[in-house]
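So the structure is just underneath, and the comments pick up after that.
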Amino acid sequence: MKTVHVCIHLLLATAIRAQGSIHDTTDTPKTACQAKAQLKAMATKLEGAVKTQSEQIAAALPKFLQLYAAASTEVLTGTQKLMLLLPAAAARLQTASNNLQKYQAAILEASRALTELAGVQQMVAETDAREIAGKPAATAGTWLGNAGMQIKLKDLSGDVPECETLANDLASEKQPKEEVHGTYPITIIHLTKAEDIGAGNDKKGPRICGHSSTSPAQTCQANAGSNTANLLLTPGKLTKPLQTKYQPASASQKAYKAAAKKATDVMPPQKTVEDLLANLHTAQTAAATLIFKASDIEPAELISDTETDQALLQILKPGEKRSKIGDYTEQINELKKNYTQPTKVTTVKNSIRL
């Protein structure tokens, strides 16, 4: 158990250096489609961390068995070079397996939540592209008709999904992200109410206004209030995009929260986003510890392991406490030069060669 704790400590100490960020730090999303792309990429990286670690552990198992067989053969010759490396190899493999088992579920759940949030951004993009259909100017009677004037959407979708191509989004100037309390913020695009429309001769809509003629143009006049002989409806959107950053509230509170709170009048609700991001920091931290590689149990790597030092300590001073190893650093290093010099273990036609 002590070996496991030591190895976990070593893994955590090197995690940030060994693992890259799951965030795209080169740009801050300005559209829902850009946000979707970044969220999907983050989800893929988290899932990939689990997959890669599983593959590395699987690749290490035959290496360990090969090392064990070679060490067993070595005993028959009266030497213990490889036998001294077995505790370190076993500890590293056990730690990696335990670590993956401990964190896998949390990492994959965070990946699933990011994928769900990416789907929400797709719907935001589709909704943001829709608008109320306009109706040209006509007399009130003609315009209203016997059934009244129906307000309806111009369409519900285009020929292809809104996020089918990011060509237009990628053409915009990039805005690199900056760290906030030790991590990078996540930008989500919400929809909020469109701005109120003032008087004037423009195409802002949707709005119903008077008109001096039955012109087909769907544009309100500057003096629309005094020209009510005819009515028209200008086309336009009922919503507008709202860029919102989610980031830790402080260095000690790592959960992602909306930087600018807006409790109502946004779609999706901020709480929905916060709930989906609730476990992301934990998952990022966990994924950063999945750094085991099959090559970590190669003899050349194991010679410098603390467990190998402990094995050499017992040769120098049988029965000595593990905590006293610091008193024998010089002797251990000298012993390594003369006692442990294996470089590789290879299998040729089912036989072990050193």
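The numbering of the sequence shown is this note's numbering, which starts it at 7 and goes up by one.
Ideal Cβ positions, reconstructed from N, Cα and C, are used throughout, including at glycine.
Computed from a predicted model, the values in this text were never measured in an experiment.
Do residue j and residue i count as a contact pair if the criterion is CB distance below 8 Å?
{"i": "Ala-257", "j": "Gly-188", "result": "yes"}
{"i": "Leu-282", "j": "Leu-123", "result": "yes"}
{"i": "Val-130", "j": "Ile-195", "result": "yes"}
{"i": "Gly-242", "j": "Gly-211", "result": "yes"}
{"i": "Ala-75", "j": "Leu-286", "result": "no"}
{"i": "Ile-297", "j": "Leu-322", "result": "no"}
{"i": "Pro-142", "j": "Gln-224", "result": "yes"}
{"i": "Thr-193", "j": "Lys-246", "result": "no"}
{"i": "Leu-92", "j": "Ala-77", "result": "yes"}
{"i": "Leu-82", "j": "Pro-305", "result": "no"}
{"i": "Gly-324", "j": "Gln-253", "result": "Checking the sequence, you will find Pro at residue 324 rather than Gly. Contact: no."}
{"i": "Glu-53", "j": "Leu-114", "result": "yes"}
{"i": "Ala-284", "j": "Ala-261", "result": "yes"}
{"i": "Ile-309", "j": "Leu-319", "result": "no"}
Return the Cβ separation of residue i and residue j in integer angstroms, given the expectation that the two are a contact with Cβ distance under 8 Å.
{"i": "Thr-121", "j": "Lys-46", "result": "7 Å"}
{"i": "Leu-299", "j": "Gln-62", "result": "A small correction: the amino acid at residue 299 is Lys; Leu does not occupy that position in the sequence shown. Yes, they are in contact, since the Cβ atoms of Lys-299 and Gln-62 sit about 5 Å apart, within 8 Å."}
{"i": "Thr-270", "j": "Leu-197", "result": "The pair is not a contact, with the Cβ atoms about 13 Å apart (cut-off 8 Å)."}
{"i": "Gln-181", "j": "Lys-42", "result": "With 8 Å as the limit, Gln-181 and Lys-42 do not qualify as a contact, their Cβ atoms being about 17 Å apart."}
{"i": "Ala-378", "j": "Ala-292", "result": "Beyond the ends of the chain as shown, which are 7 and 360, falls residue 378; an answer cannot be given."}
{"i": "Leu-73", "j": "Ala-94", "result": "Going by Cβ atoms, the distance from Leu-73 to Ala-94 rounds to 10 Å, so no, they are not a contact pair."}
{"i": "Ala-183", "j": "Thr-31", "result": "Note on identity: in this sequence residue 183 is Lys, with Ala being the wrong assignment. Indeed, because the Cβ distance is near 5 Å, the residues count as touching under 8 Å."}
Which one of the options has the shortest CA to CA distance from residue i?
{"i": "Gln-138", "options": "Ala-116, Ile-214 and Ala-55", "result": "In the sequence as displayed, the identity of residue 138 is Ile instead of Gln. Residue Ile-214 is the option with its Cα nearest to Ile-138."}
{"i": "Leu-399", "options": "Ile-338, Glu-313 and Ala-64", "result": "Since the displayed the chain opens at 7 and closes at 360, residue 399 lies outside it and no answer follows."}
{"i": "Thr-234", "options": "Leu-71, Ser-219 and Gly-125", "result": "Ser-219"}
{"i": "Arg-98", "options": "Thr-245, Gln-59, Ala-135 and Glu-170", "result": "Gln-59"}
{"i": "Ser-163", "options": "Leu-82, Arg-136, Trp-149 and Ala-143", "result": "Arg-136"}
{"i": "Pro-275", "options": "Lys-263, Leu-286 and Asn-285", "result": "Lys-263"}
{"i": "Thr-50", "options": "Ser-27, Ala-66, Pro-68 and Gln-127", "result": "Ser-27"}
{"i": "Lys-327", "options": "Thr-31, Ala-96 and Gln-316", "result": "Gln-316"}
{"i": "Thr-278", "options": "Ile-113, Phe-70, Ala-65 and Gly-125", "result": "Gly-125"}
{"i": "Glu-179", "options": "Glu-53, Pro-35, Asp-333 and Ala-119", "result": "Pro-35"}
{"i": "Trp-149", "options": "Ala-228, Pro-222, Glu-185 and Ala-200", "result": "Pro-222"}
{"i": "Leu-159", "options": "Leu-239, Lys-260 and Ser-78", "result": "Leu-239"}
{"i": "Leu-237", "options": "Lys-246, Gln-227 and Leu-244", "result": "Gln-227"}
{"i": "Ser-301", "options": "Asp-33, Ala-55, Gln-259 and Phe-70", "result": "Phe-70"}
{"i": "Lys-342", "options": "Asp-311, Lys-267, Ala-153 and Tyr-109", "result": "Asp-311"}
{"i": "Thr-288", "options": "Asn-229, Pro-305, Ile-309 and Gln-110", "result": "Gln-110"}
{"i": "Leu-67", "options": "Ile-303, Pro-324, Val-81 and His-29", "result": "Ile-303"}
{"i": "Gly-140", "options": "Thr-335, Leu-244 and His-29", "result": "Leu-244"}
What is the DSSP secondary structure of residue i, counted as helix, strand or coil?
{"i": "Ser-357", "result": "Low local confidence applies: a pLDDT of 33 at Ser-357 is under 50, so the model's placement there is unreliable, and no value is given."}
{"i": "Ile-157", "result": "coil"}
{"i": "Ala-143", "result": "strand"}
{"i": "Ile-138", "result": "strand"}
{"i": "Gln-100", "result": "helix"}
{"i": "Thr-31", "result": "coil"}
{"i": "Gln-59", "result": "helix"}
{"i": "Asp-333", "result": "helix"}
{"i": "Ser-78", "result": "helix"}
{"i": "Ser-163", "result": "coil"}
{"i": "Lys-342", "result": "helix"}
{"i": "Asn-105", "result": "helix"}
{"i": "Gly-125", "result": "helix"}
{"i": "Gly-151", "result": "coil"}
{"i": "Lys-36", "result": "coil"}
{"i": "Lys-327", "result": "coil"}
{"i": "Gln-72", "result": "helix"}
Item checked: beta strand (DSSP E) segments (min. 3 residues) lying fully within the stretch 167-250 -> Runs found: 192-199, 213-217 and 236-240.
Margin query: Which runs of the alpha helix (DSSP H) at least 4 residues long sit entirely within the stretch 245-325? Give them in chain order.
Written below: If we require 4 residues or more, the alpha helix (DSSP H) runs fully inside the stretch 245-325 come out as 276-282, 286-293, 305-308 and 312-322.
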